[in-house]
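Using the numbering used here, you'd call the opening residue of the sequence shown number 2 and step up by one each time.
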Amino acid sequence: MIIALASSSGAFAKAVTGTIKSVDKKGDSITLSDGTTFKLPEGIEAETLKAGEKVVVTYSTTAAGKLKVSDIHQAK
């Protein structure tokens, strides 16, 4: 017998492709053109990103509902 378990915590990583609308260098975050804001983790510098750039953001949702980025790279 196989039992499949699914988590409702949202801890699984998701990916979204979008265009950067703005970069907040002081707040270490980016906002995509759809209005979604992502806080950048240590190791990903806001200075390396720019508005108008198309990116793929890999993230998970914390228990508090925040979007936690694990990877961001230029979309192909």
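Glycine is no exception: its CB is placed at the ideal position from the N, C-alpha and C atoms.
The beta strand (DSSP E) enclosing residue i, as first and last residue numbers
| i | result |
| --- | --- |
| Ile73 | Leu68 to Gln75 |
| Ala16 | Lys15 to Asp25 |
Chain-order list of residues whose beta-carbon lies under 6 Å from that of residue i (same chain, five-residue window excluded)
| i | result |
| --- | --- |
| Thr63 | Lys69 |
| Gly53 | none |
Best match in the options for proximity to residue i [C-alpha to C-alpha]
| i | options | result |
| --- | --- | --- |
| Ser67 | Lys26, Ser30 and Ala47 | According to the sequence provided, residue 67 is Lys. The question's Ser does not apply to it. Measuring from the Cα of Lys67, the nearest candidate turns out to be Ser30. |
| Thr37 | Ile45, Thr49, Glu46 and Val24 | Val24 |
| Lys26 | Val57, Lys40 and His74 | Lys40 |
Beta-carbon proximity list for residue i, same chain, < 8 Å, skipping 5 on both sides
| i | result |
| --- | --- |
| Ser71 | Ala14, Pro42, Thr59, Tyr60 and Ser61 |
| Ala76 | Thr18, Lys55, Val56 and Val57 |
Contact check, residue i vs residue j, beta carbons under 9 Å
| i | j | result |
| --- | --- | --- |
| Leu161 | Lys51 | Nothing can be reported for residue 161: it is not among the residues displayed for the chain, which extend from 2 to 77. |
Residue i: CB within 8 Å of a non-hydrogen atom of the ligand PLP
| i | result |
| --- | --- |
| Glu54 | By its list of ligands, the structure shown contains no ligand whatsoever, and the ligand PLP lies outside what it can speak to. |
Residues of its chain near residue i, where Cβ-Cβ distance is below 7 Å and the 5 sequence neighbours each way are ignored
| i | result |
| --- | --- |
| Glu48 | Lys26 |
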